[in-house]
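For reference, the structure is listed below as structure tokens.
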Amino acid sequence: MMTLPLSLRRLALLLAACATLPAAQAQPFPLTVPSCGQTLRFEAPPQRAVFHDMNMTDMALALGLQKHMAGVTGVTGWYQVRPAMRKALAGIPELAPRQPALENLLAARADFFFAGWNYGMHPGGPVTPDTLARHGIPTLVLTESCIRIDPTRPAASMELLYGDFIKLGAIFGKRALAEQMVQGWKERLARLPAPPAGPPARVFLYDSGEASPFTAGLHAMPQALIAAAGGRNVMDDLPTSWGTTSWEVVAGRDPQLILLLGSRSDPQAQRLIATLRAHPLMRRLPAVQQARFLVLRYEEITPGPANIDAIEKIAAALHALPGAGAPASPGATAPASPKPAHAR
């Protein structure tokens, strides 16, 4: 039997101990992460991170990143904040209720920013990955929003959520936790009942707008949510993420279920319903006449942990539809035109 020298025995014990460390502790730094065509490098987890918007803040809270957070932006200025989120953010300042200024991030001494194109940043604006990089602030860009600068992006899928969440976990040394949570989400979706027989039910998401509806196209997260629930987004030929179409196109596609942005305590959804019932074409649709509406919160339709709840709700609504899988009524089928982007 070979006997190792003392120094080698110590080294072997050290290596064995390292091998048993949890993945979160063994996470190597420096770390490189792809972000919307760029590569970010981290020497250690950020300590003064800023998160924009409800959905990206939800990701941070799901990973328990409060001790790494210097602030949030764009949380209270658009929609009602859930009590649970308010409680989880206790002691963490909101640097700007809507769009952050460069000065907000510099004053907070931010060392990381998680935002997206038209989610706190605009091409050519004062807050972009390039402008922040000049101040030493790396920016993780929400992958769903990359279509704004890369028109070759594939259609939206659940990988938009899974990939960003795992990247975020890795950046903060919590990759194992992120992967565990993603696996749990996948298992929840695997337990969904099979969709109704026949063609996928036709679903339309109505975000806002009266003269023309603002909706989700091929590259927006609802495209993936609707597909995962067993339906089909009637605006899946809109070649962008979020954009505007016409009421004539929507009515011609005869959606069987209409998703509305809002919440039970928010009057916005009721305003959207009133618009649908007043429109001369939309009010004729069975979905409007029979009130086949499903109200979803903002953070449920934009990439974030609440997407899984949204899919379960959509799937339940699809199973409750009368005649799911029936062919569309004859009517206009002209493709929609992408218009100004989703600006939060």
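Numbers -26 to -1, 1 to 318, taken from mature numbering (1 follows the signal peptide of the UniProt record, and there is no 0), label the letters of the sequence shown in order. By construction, the Cβ of each residue, glycine as well, lies at the ideal position given by its N, Cα and C atoms.
Non-local beta-carbon contacts of residue 114 in its own chain, meaning distances under 6 Å to residues more than five positions away in sequence, involve 9, 88 in chain order. Of all C-beta pairs linking the stretch 26 to 42 to the stretch 266 to 285, three or more are shorter than 8 Å, placing the two stretches in contact. In the three-state reduction of the DSSP assignment, residue 180 falls in the strand class.
Look at the beta carbons and you see the stretch 188 to 200 touching the stretch 212 to 227: at least three pairs across the two are nearer than 8 Å.
Taking all protein chains in view, the Cβ of residue 161 is surrounded by fewer than 16 other Cβ atoms within 10 Å, so the residue is classified as exposed. Taking one beta carbon from each stretch, the stretch 100 to 108 and the stretch 58 to 67 have fewer than 3 pairs nearer than 8 Å; the two do not touch. When rounded, the separation of the alpha-carbon atoms in residue 146 and residue 15 is 12 Å. Under a 10 Å Cβ-count criterion, residue 41 is classified as exposed, with fewer than 16 other Cβ atoms of the shown protein chains found around its own Cβ. Residue 175 carries a strand assignment under DSSP once its states are collapsed to helix, strand and coil. Runs of the alpha helix (DSSP H) lying entirely within the stretch 213 to 278, each at least 4 residues long, are 221 to 226, 242 to 252, 260 to 263, 272 to 275 in chain order. Residue 5 is bridged by DSSP to 16. By the neighbour-count definition (other C-beta atoms within 10 Å, threshold 16), residue 90 is a buried residue.
In this chain, the beta strand (DSSP E) harbouring residue 69 covers 68 to 70. Sequence-distant Cβ neighbours of residue 270 in its own chain, meaning closer than 6 Å and more than five residues away, are 233, 284. The three-state secondary structure of residue 64, taken from DSSP, is coil. In the DSSP annotation of this structure, the continuous segment of the alpha helix (DSSP H) that includes residue 158 starts and ends at 149 to 164. In the same chain as residue 49, and ignoring 5 residues on each side of it, the C-beta atoms closer than 8 Å to its own belong to 27, 28, 31, 55, 59, 63, 68, 71, in chain order. At a Cβ-Cβ threshold of 7 Å, residue 231 and residue 257 do not count as neighbours. Beyond the five residues adjoining it in sequence on each side, residue 176 comes within less than 8 Å, by CB distance, of 205, 206, 208, 227, 228, 229, 230, 231, 302 in the same chain, given in chain order.
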